[in-house]
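**Student:** Got a structure for you, written out below as structure tokens; questions coming shortly.
Number of protein chains: 2
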Amino acid sequence: MTKGIRNWQAVQQEVLRRINAREWPPGALIPNEADLATEFGCARATVNRALRAVAEAGLLDRKRRAGTRVALQPVARATLSIAVIRQEIEEKGARYDYRLLERKLVRPPAPVHRILKTGEGALLHVRALHFADDVAYALEDRWINPAGAPAVLDQPFDATSANEWLLEHTPYTGGDIALSAHNATSAEAQELGGAEGAALFALTRNTWNGDTAVTCVRLLFAHGYAMQADL
Amino acid sequence: MTKGIRNWQAVQQEVLRRINAREWPPGALIPNEADLATEFGCARATVNRALRAVAEAGLLDRKRRAGTRVALQPVARATLSIAVIRQEIEEKGARYDYRLLERKLVRPPAPVHRILKTGEGALLHVRALHFADDVAYALEDRWINPAGAPAVLDQPFDATSANEWLLEHTPYTGGDIALSAHNATSAEAQELGGAEGAALFALTRNTWNGDTAVTCVRLLFAHGYAMQADL
DNA sequence: AAGTGGTCTAGACCACGTC
DNA sequence: ACGTGGTCTAGACCACTTT
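So, in structure tokens, the structure goes:
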């Protein structure tokens, strides 16, 4: 009988240890919550809290009646923190700068129209550059649906980026993100200050609020950019 | 007095609604747990569970004594599910295939040595290709520390990829991941079946177990690959 | 039918950071 | 010092799913 494991972090640690040490090998059924609570000398709720945390990390599979099993293929969940670009740059200790390239209310081209599923209305198209210590850092190409972002048409976006303004002023209920690699066109290369054809890291993001599309944006990062994540 | 909000998901939903509707605008201090519990007619623990979930999603900042505030800059947390490559391909409905290119026990070059911080010993270097429906999908270039992966030297990796074997047989306590874009060298282009210079999506991952480095790997995905994430 | 995890409760004490 | 969130408890009932 193990004793003194009374807080959920300690329980979690012990559970992780057993998984790691293969005392509970992949696929194995582990004791139920009540038994573990008895063994550890704590309440079942405490065990539940710990097991739930480990399960959220992907290392346990829990099913009612069937019990808790050690995951066979622990799907690694990496969490990306996608902050406002200004913040990201300032956190690196660099000086942030911003330049608006274009801001137009236009009817979107077909691909954008398809993604945002907007009606007949025009969308606001904004293109801008973000700088870190005067070096181009990212090129932002964004379409904004005025129906999804009140007051957006009054924003000049000449000093504050759409990236930042939207996050502050526009609620959203969901979104999806795609990460990819893209060869710089000559125009992009010129704007970002790199070579044509250079491999650029691209982040494409669509955001909606309920049934209304809010914005779709592509961020092209200068050559050499790497996005960090933790396991 | 709102009534009938008795389970934590319902409380969470109501909290999200208030944030979204700007009833609780960004930066605002929201009522404390006890008051909300009274208002909703449930136990404080239920409110705590809900608020904790919303805070984990990045929409609330909670501090003892200072209370709970709506986050000013809701850092979007996107979660990447990084599965075994075989699984990823099969989930797309494609047929998975694998080919080992190289498997050698060698002294690592300086950059790898620096990352893994291993001693004098040799590392296992494995290069392999993953196919989806006979089309090259990803190129795996991996260094494995025998000290961190028992029995790895007995694995031929001719039928099962190191990607899969390690996940199944080698515990780890942590890791870090970097995502970037990379121009294909001529050799890489040949192996992946693309053009030299094509922009390739790269995932670089280092894994360790306690103080021991386990493996460092670079996965180069064929041109056109996009990694999906959800908000 | 039965056993498992999922959740709620009411109360309590604690840790922490602001006041 | 004191108010806040963080956590633990013991018990209870419920929902799901497998047997």
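For the protein sequence lines, the chains are W and G, in the order given.
Note that the first sequence ends on residue 231 in the numbering used here; no numbers are left out.
Note that the second sequence ends on residue 462 in the numbering used here; no numbers are left out.
Beta carbons: idealized from backbone N, C-alpha and C, even for Gly.
#1: State yes or no: is the beta carbon of G:P342 nearer than 8 Å to at least one beta carbon in chain W?
#2: I want to see whether chain W comes within less than 8 Å of G:A393, judged by CB atoms only; does it?
#3: If we ignore side chains and look at the alpha-carbon of each, how far apart do G:G258 and W:L123 end up?
#4: For W:Y137, decide whether its Cβ has a neighbour in chain G, counting only Cβ atoms nearer than 8 Å.
#5: Taking the alpha-carbon positions, what's the W:V106 to G:L303 distance?
#6: Could you give the first and the last residue of the continuous alpha helix (DSSP H) run that contains W:R114?
#7: Which residues in the same chain have their Cβ closer than 7 Å to the Cβ of G:A281, if we skip the five residues on either side of it in sequence?
#8: On a Cα-Cα basis, can you pick out the residue from G:L423, G:G428 and G:A286 that is closest to G:R358?
#9: For the region 5–37 of chain W, enumerate the residues whose C-beta is nearer than 9 Å to any C-beta of chain G, in chain order.
#10: With a CB to CB cut of under 6 Å and the five nearest residues on each side skipped, what residues in its chain are close to G:W255?
#11: In whole angstroms, what separates the C-alpha of G:H400 from that of G:T391?
#12: Since W:A199 and G:L311 should fall inside the 8 Å C-beta cutoff, what is the C-beta to C-beta distance between them, to a whole number of angstroms?
#13: When the Cα atoms are used, what is the spatial distance from W:A162 to W:A132?
#14: Assign G:F271 to one of three DSSP states: helix, strand, or coil.
#15: Using three-state DSSP, classify G:L462 as helix, strand or coil.
#16: Do G:G379 and G:V448 have their C-beta atoms within less than 8 Å of each other?
#17: Can you name the residues that DSSP bridges to G:F432?
#18: Please say whether W:E140 and W:V84 have beta carbons closer to each other than 8 Å?
#19: Listing by chain order, which chain G residues have their CB less than 8 Å from the CB of W:R77?
#20: List, in chain order, every chain W residue whose beta-carbon is nearer than 7 Å to that of G:T446.
#21: Whole angstroms is fine: what's the gap from W:G175's alpha carbon to G:P305's?
#22: On the three-state DSSP scale, how would you describe W:R52?
#23: Helix, strand or coil for W:I5 per DSSP?
#24: Are the Cβ atoms of W:T238 and W:G119 separated by less than 8 Å?
#25: In or out: G:R373 buried (at least 16 other Cβ within 10 Å) or exposed?
#26: Which of the residues in the region 143–155 of chain W, read from start to end, lie with their CB under 7 Å from any CB of chain G?
#27: If you draw a straight line from the alpha carbon of G:T435 to that of G:H454, how long is it in whole angstroms?
#28: Near G:V343, which residues of its chain fall below 8 Å by C-beta distance, leaving aside the five closest residues on each side in sequence?
#29: Measuring alpha carbon to alpha carbon, tell me which of W:Y225, W:A21, W:F40 and W:R22 ends up nearest W:V135.
#30: What separation, rounded to the nearest whole angstrom, lies between the Cα atoms of G:A409 and W:F201?
#31: Beta carbons nearer than 9 Å to chain W: which residues of the region 400–412 of chain G have them?
#32: Going along the chain, which residues of its own chain have a beta-carbon closer than 8 Å to the beta-carbon of G:A412, five neighbours each way excluded?
#33: Hey, does W:F157 have any beta-carbon neighbour from chain G nearer than 8 Å?
#34: Do you know how far the Cα of W:Q190 is from the Cα of G:M232?
#35: Contact check, G:A418 vs G:G425 under 8 Å by CB: the rounded distance?
#36: Taking the beta carbon of W:E196 as the centre, do at least 16 other beta carbons fall within 10 Å, making it buried, or is it exposed?
**Tutor:** According to the structure shown:
#1: As a working note, residue 342 of chain G is residue 111 in the second sequence. So, not an interface residue.
#2: By one-based count along the second sequence, residue 393 of chain G stands at place 162. Residue-level contact check: G:A393 does not touch chain W, since none of the beta carbons of chain W fall below 8 Å from its beta carbon.
#3: Numbered from its first residue, the second sequence carries residue 258 of chain G at position 27. Numbered from its first residue, the first sequence carries residue 123 of chain W at position 123. So the two alpha carbons sit approximately 30 Å from each other.
#4: As a first step, residue 137 of chain W is located in the first sequence; it is residue number 137 there, counting from the start. Chain G contact via Cβ: absent.
#5: By 1-based counting over the first sequence, the position of residue 106 of chain W is 106. By 1-based counting over the second sequence, the position of residue 303 of chain G is 72. Rounded to whole angstroms, the separation of the alpha carbons of G:L303 and W:V106 is 31 Å.
#6: On the first sequence, residue 114 of chain W is found 114 positions in, with the first residue counted as 1. Taken as a continuous stretch (DSSP letters only), the alpha helix (DSSP H) holding W:R114 covers A110 to L116.
#7: As a working note, residue 281 of chain G is residue 50 in the second sequence. So the list reads W239, V242, Q243 and V246, once near-sequence residues are dropped.
#8: What you label residue 358 of chain G is simply residue 127 of the second sequence in a count that begins at 1. Closest by alpha carbon: G:L423.
#9: Residues passing the 9 Å Cβ filter: L16, I19, N20, A21, R22 and P26.
#10: Here residue 255 of chain G refers to the residue found at position 24 when the second sequence is read from its first residue. R249, I261 and V301, listed in sequence order.
#11: Here residue 400 of chain G corresponds to residue number 169 of the second sequence, with the count starting at 1. Here residue 391 of chain G corresponds to residue number 160 of the second sequence, with the count starting at 1. Taking C-alpha positions only, G:H400 is separated from G:T391 by approximately 12 Å.
#12: Translated into positions along the first sequence, residue 199 of chain W becomes position 199. Translated into positions along the second sequence, residue 311 of chain G becomes position 80. With 8 Å as the limit, W:A199 and G:L311 do not qualify as a contact, their Cβ atoms being about 20 Å apart.
#13: Within the first sequence, the letter at position 162 stands for residue 162 of chain W. Within the first sequence, the letter at position 132 stands for residue 132 of chain W. Linking W:A162 to W:A132 through their CA atoms gives a straight-line distance of about 17 Å.
#14: Residue numbering aside, residue 271 of chain G sits at position 40 when the second sequence is read from its first letter. Assigned with DSSP and collapsed to three states, G:F271 falls in helix.
#15: Along the second sequence, one-based indexing puts residue 462 of chain G at 231. Coil.
#16: Taking the second sequence and counting its residues from 1, one reaches residue 379 of chain G at position 148. Taking the second sequence and counting its residues from 1, one reaches residue 448 of chain G at position 217. The answer is no: Cβ separation not under 8 Å.
#17: Here residue 432 of chain G refers to the residue found at position 201 of the second sequence. Paired residue(s): G:A412 and G:F452.
#18: As a first step, residue 84 of chain W is located in the first sequence; it is residue number 84 there, counting from the start. As a first step, residue 140 of chain W is located in the first sequence; it is residue number 140 there, counting from the start. Cβ atoms of W:V84 and W:E140: not closer than 8 Å.
#19: Locating residue 77 of chain W in the first sequence gives position 77, where the first residue counts as 1. Within 8 Å Cβ-Cβ: T310, L311, S312 and I313.
#20: Position 215 of the second sequence, counted from the first residue, corresponds to residue 446 of chain G. From the beta-carbon of G:T446, no residue of chain W is found nearer than 7 Å; the closest lies around 12 Å away.
#21: Along the first sequence, one-based indexing puts residue 175 of chain W at 175. Along the second sequence, one-based indexing puts residue 305 of chain G at 74. Rounded to whole angstroms, W:G175 to G:P305 spans 14 Å at the Cα level.
#22: The count along the first sequence starts at 1 and reaches residue 52 of chain W at position 52. If DSSP states are grouped into helix, strand and coil, W:R52 belongs with the helices.
#23: Counted from its first residue, the first sequence places residue 5 of chain W at position 5. In the three-state reduction of the DSSP assignment, W:I5 falls in the coil class.
#24: Within the shown structure, residues of chain W are numbered from 1 to 231, placing residue 238 of chain W beyond reach of any answer.
#25: Translated into the one-based positions of the second sequence, residue 373 of chain G becomes position 142. Counting Cβ neighbours within 10 Å, G:R373 comes out buried, since at least 16 surround it.
#26: Under the 7 Å Cβ criterion, the region 143–155 of chain W contributes no residue.
#27: Residue mapping note: residue 435 of chain G aligns to position 204 of the second sequence, counting from 1. Residue mapping note: residue 454 of chain G aligns to position 223 of the second sequence, counting from 1. Between G:T435 and G:H454, the C-alpha separation is close to 17 Å.
#28: Sequence index remark: in the second sequence, residue 343 of chain G carries index 112 (1-based). Excluding its 5 nearest sequence neighbours in each direction, G:V343 has C-beta neighbours in its own chain below 8 Å: L354, W374 and C447, listed in chain order.
#29: Here residue 135 of chain W refers to the residue found at position 135 when the first sequence is read from its first residue. Out of W:Y225, W:A21, W:F40 and W:R22, W:Y225 has the C-alpha closest to the C-alpha of W:V135.
#30: Sequence index remark: in the second sequence, residue 409 of chain G carries index 178 (1-based). Sequence index remark: in the first sequence, residue 201 of chain W carries index 201 (1-based). One C-alpha to the other measures close to 12 Å.
#31: Listed by position along the chain: H400, P402, Y403, T404, G405, G406, D407, I408, A409, L410, S411 and A412.
#32: Walking along the second sequence from the start, residue 412 of chain G turns up at place 181. For G:A412, where only same-chain residues beyond five positions count, the Cβ hits under 8 Å are A430, L431, F432 and A433.
#33: The count along the first sequence starts at 1 and reaches residue 157 of chain W at position 157. At a cut-off of 8 Å between beta carbons, W:F157 makes no contact with chain G.
#34: Start at 1 with the first residue of the second sequence, and residue 232 of chain G comes out as number 1. Start at 1 with the first residue of the first sequence, and residue 190 of chain W comes out as number 190. For G:M232, the pLDDT reaches just 49, beneath the cut-off of 50, and the residue's location in the model is therefore unreliable, leaving the point undetermined.
#35: Position 187 of the second sequence, counted from the first residue, corresponds to residue 418 of chain G. Position 194 of the second sequence, counted from the first residue, corresponds to residue 425 of chain G. The pair is not a contact, with the Cβ atoms about 12 Å apart (cut-off 8 Å).
#36: Here the question's residue 196 of chain W lines up with position 196 in the first sequence. Exposed, because fewer than 16 other Cβ atoms sit within 10 Å of the Cβ of W:E196.
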